[in-house]
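In this note's numbering, the protein residues as written are 5 to 280.
The beta carbon of each residue, even a glycine, is placed where N, CA and C say it ideally should be.
Following: one structure in structure tokens, then a few remarks.
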Ligand SMILES: NC(=O)c1ccc[n+]([C@@H]2O[C@H](COP(=O)([O-])OP(=O)(O)OC[C@H]3O[C@@H](n4cnc5c(N)ncnc54)[C@H](O)[C@@H]3O)[C@@H](O)[C@H]2O)c1
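Here's what the structure looks like:
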């Protein structure tokens with residue numbers, strides 16, 4: 005029960021890494037606010053937690069909306085009286101990404117595979133609006149959630165922990181499209197900046213930079229031609245994708261007192277991707 009008595013807010017808690025984190029945190033005693041832009045998914049996570057004997061509440065939050073983020077923080081305060089932990093798992097891989105819409109994601113990925121043969125076209129065909137959409141969810145969303153939740157944390161004076169979800173793409177340009185890698189490297193810098201600003205308030209801010217984890221976001225990778233797929237897995241010494249619980253466990257460590265001397269750090273659960 006490493007989070008007993010704590011209140012945790014998880015953005016993007018409706019699916020994938022956010023859902024696994026919300027469930028893990030609740031199993032460790034936290035009362036969890038599950039926030040997502042897709043209400044049904046957030047509600048489903050919240051029910052899963054309740055069914056396992058945990059405490060959770062869900063709230064609508066579009067990561068790009070300052071108002072929604074403030075409502076999310078207010079919901080946590082009204083429901084559970086405090087915020088001790090924030091995990092920002094809301095994110096997109098490409099513009100228009102909808103978690104679970106495999107048909108749309110497949111269409112996007114099929115187009116993207118053309119860039120394997122003509123890499124320059126990834127730059128030449130990029131639309132500024134598409135770039136901004138991804139930056140908005142991944143970067144603005146992280147900033148807005150941190151702003152909204154840090155306010156009551158600073159005011160309460162009890163410290164706390166913020167865990168952002170970056171990616172190996174924060175450091176490696178091959179790990180995603182242009183908007184994605186830019187957004188994730190910016191999330192990593194934001195994490196370090198916030199760590200310095202919030203350390204005097206006793207709030208630790210760390211990032212997780214996952215490798216390829218088996219969620220809706222990465223399911224299209226299997227569509228790669230066989231030689232490319234073999235090459236893809238050869239870049240991961242452990243030879244497999246990770247599973248969401250492996251990220252949830254990392255988030256649990258960073259959110260808990262066991263990580264009391266960690267701030268401004270990024271942990272890479274990536275199966276060895278960064279050993280090169
Ligand atoms: N899966 C991976 O391999 C991997 C690796 C590195 C980083 N990440 C990051 O982890 C985070 C979670 O991704 P995932 O793999 O769990 O994908 P996922 O699709 O399973 O979950 C993403 C969640 O974010 C929500 N979301 C999307 N846009 C939102 C918005 N505007 N406002 C609020 N919620 C929104 C979705 O509804 C969904 O519930 C993302 O930031 C992603 O970039 C994933």
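Secondary structure in the stretch 157-218: the alpha helix (DSSP H) runs of 4 residues or longer, each lying completely within the stretch, are 182-202 in chain order. Taking a contact to require three or more Cβ pairs closer than 8 Å, the stretch 62-76 and the stretch 108-115 do not qualify as touching. In the DSSP assignment, residue 96 falls outside any beta strand (DSSP E) and carries neither an H nor an E. Between residue 20 and residue 97, the CB-CB gap reaches or exceeds 8 Å.
By the Cβ-count criterion, residue 246 is buried, with 16 or more other Cβ atoms from all chains shown falling within 10 Å of its own Cβ. Secondary structure within the stretch 26-92: the alpha helix (DSSP H) runs of 4 or more consecutive residues, fully enclosed, are 43-55 and 70-84 (chain order). Residue environment for residue 184: buried (at least 16 other C-beta atoms within 10 angstroms of its C-beta). Taking a C-beta distance under 8 Å as the contact criterion, residue 25 and residue 251 qualify as a contact pair. Between ligand 1 and residue 249, a heavy atom-to-CB distance of less than 7 Å is absent. Straight through space, the alpha carbons of residue 126 and residue 116 are spaced by roughly 8 Å. Residue pairing by DSSP places residue 270 opposite 211 in a beta bridge.
The beta-carbon distance between residue 62 and residue 49, rounded to whole angstroms, is 7 Å. This is short enough to meet the 8 Å contact definition. In this structure, the alpha-carbon of residue 79 lies about 32 Å from that of residue 216. With contacts defined by Cβ atoms closer than 8 Å, residue 211 and residue 195 form a contacting pair. Residue ranges of uninterrupted alpha helix (DSSP H) with 4 or more members, entirely inside the stretch 110-137 and ordered along the chain, are 124-128. Listed in chain order, the non-local C-beta contacts of residue 43 below 6 Å within the same chain comprise 64, local neighbours out to five positions each way being set aside. DSSP places residue 15 inside the beta strand (DSSP E), whose first and last residues are 11-15. Looking at the DSSP output, residue 246 sits in a beta bridge with 217. For residue 234, the uninterrupted alpha helix (DSSP H) run begins and ends at 230-238, by DSSP. Distances between the C-beta of residue 9 and the heavy atoms of ligand 1 are all 7 Å or more.
Of the candidates 253, 269, 270 and 240, the residue whose Cα lies closest to the Cα of residue 280 is 240. In this structure, residue 104 keeps its C-beta atom at 8 Å or more from the C-beta atom of residue 170. In the structure shown, residue 226 adopts helical secondary structure according to DSSP, grouped into three states.
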